[in-house]
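Report on one structure; see the data block that follows.
Numbering (full-length UniProt numbering), first residue to last: 1 to 256.
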């Protein structure tokens with residue numbers, strides 16, 4: 001195991017941007033990690049951008065770090081889960097890529113038609129489609145969706161104006177090929193569950209984890225009482241969970 005900590009690449013979720021990691025970054029840096037953030041095309045207010053575009057952006061950051069010889073782990077929130085998993089597809093043979101940690105994130109299989117899945121459940125009642133312009137969409141009441149029960153009112157007030165319209169094509173398209181479905185090496189996937197998440201409820205998180213191999217494949221940690229935005233409400237706890245999982249990644253990565 002290297003004496004120095006790896007670089008953590010932080011991948012935001014839908015409607016968010018790298019701004020959301022403002023408090024998470026110093027909490028991880030305090031534990032010795034270097035941080036890289038990514039702003040994905042999906043939240044650039046450009047209609048038609050897809051998960052493939054977002055994955056390509058994240059992959060470019062990861063590959064650049066690996067080319068520099070840096071050791072890398074990825075932390076991906078919410079929508080960012082399938083994006084990060086797509087970004088590292090085919091890279092797990094590089095021992096400097098330690099693994100990916102999903103932070104109350106979605107786990108979707110390659111080729112899944114998300115638009116069809118959304119239609120099958122009758123749509124998403126908490127969003128406005130084609131808003132503010134065609135091909136973009138926003139949440140109706142983000143303050144009551146993303147942040148309860150544990151983000152303070154002042155941070156909600158700070159965060160909500162920074163949320164951006166999301167490309168509809170990114171959330172209703174086809175899921176790119178996913179690294180989590182590869183055999184890879186043991187101990188390269190982590191999941192941090194949030195028990196009070198309103199966006200991706202705990203039962204759904206558990207179902208996705210079990211469907212993707214369960215605890216045999218994923219190193220799991222749990223944030224009791226946390227909603228969907230623990231990077232705002234409890235960044236020190238997120239950092240501690242990331243640190244524990246990364247240490248398990250390091251133990252499982254094969255030597256040259």
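Backbone N, C-alpha and C define an ideal beta-carbon position, used for all residues, glycine too.
Minimum C-alpha distance to residue i - residue among the options
i, options, result
"residue 42", "161, 110 and 173", "173"
"residue 246", "72, 57 and 44", "72"
"residue 150", "197, 135 and 46", "197"
"residue 134", "155, 157 and 46", "46"
"residue 36", "21, 131, 44 and 49", "21"
"residue 229", "14, 64, 168 and 136", "14"
"residue 154", "9, 25, 201 and 233", "233"
Rounded C-alpha distance that separates residue i from residue j
i, j, result
"residue 166", "residue 207", "26 Å"
"residue 86", "residue 227", "25 Å"
"residue 84", "residue 29", "21 Å"
"residue 128", "residue 38", "26 Å"
"residue 194", "residue 231", "11 Å"
"residue 94", "residue 70", "11 Å"
"residue 34", "residue 244", "16 Å"
"residue 211", "residue 182", "14 Å"
"residue 256", "residue 100", "The pLDDT assigned to residue 256 is 46, lower than 50, so where the model puts this residue is not dependable, and the model offers no usable value."
"residue 5", "residue 159", "29 Å"
"residue 68", "residue 7", "11 Å"
"residue 114", "residue 136", "16 Å"
Same chain only: Cβ atoms within 6 Å of residue i, ignoring 5 sequence neighbours per side
i, result
"residue 191", "102, 209, 218 and 220"
"residue 40", "54 and 57"
"residue 16", "none"
"residue 116", "none"
"residue 89", "177 and 179"
Cβ separation of residue i and residue j, assumed to be a contact under 8 Å, to the nearest whole Å
i, j, result
"residue 345", "residue 223", "The shown model of the chain, from 1 to 256, leaves out residue 345, and the question about it has no answer."
"residue 97", "residue 91", "5 Å"
"residue 175", "residue 132", "About 26 Å separates the two Cβ atoms, so there is no contact after all."
"residue 61", "residue 146", "Not really, about 24 Å apart at Cβ, beyond 8 Å."
"residue 9", "residue 107", "The pair is not a contact, with the Cβ atoms about 18 Å apart (cut-off 8 Å)."
Own chain partners of residue i with C-beta closer than 7 Å, once the 5 adjacent residues on each side are dropped
i, result
"residue 164", "15, 17, 43 and 45"
"residue 170", "42, 49, 50, 51 and 54"
"residue 80", "11, 12, 13 and 105"
"residue 23", "231, 232 and 235"
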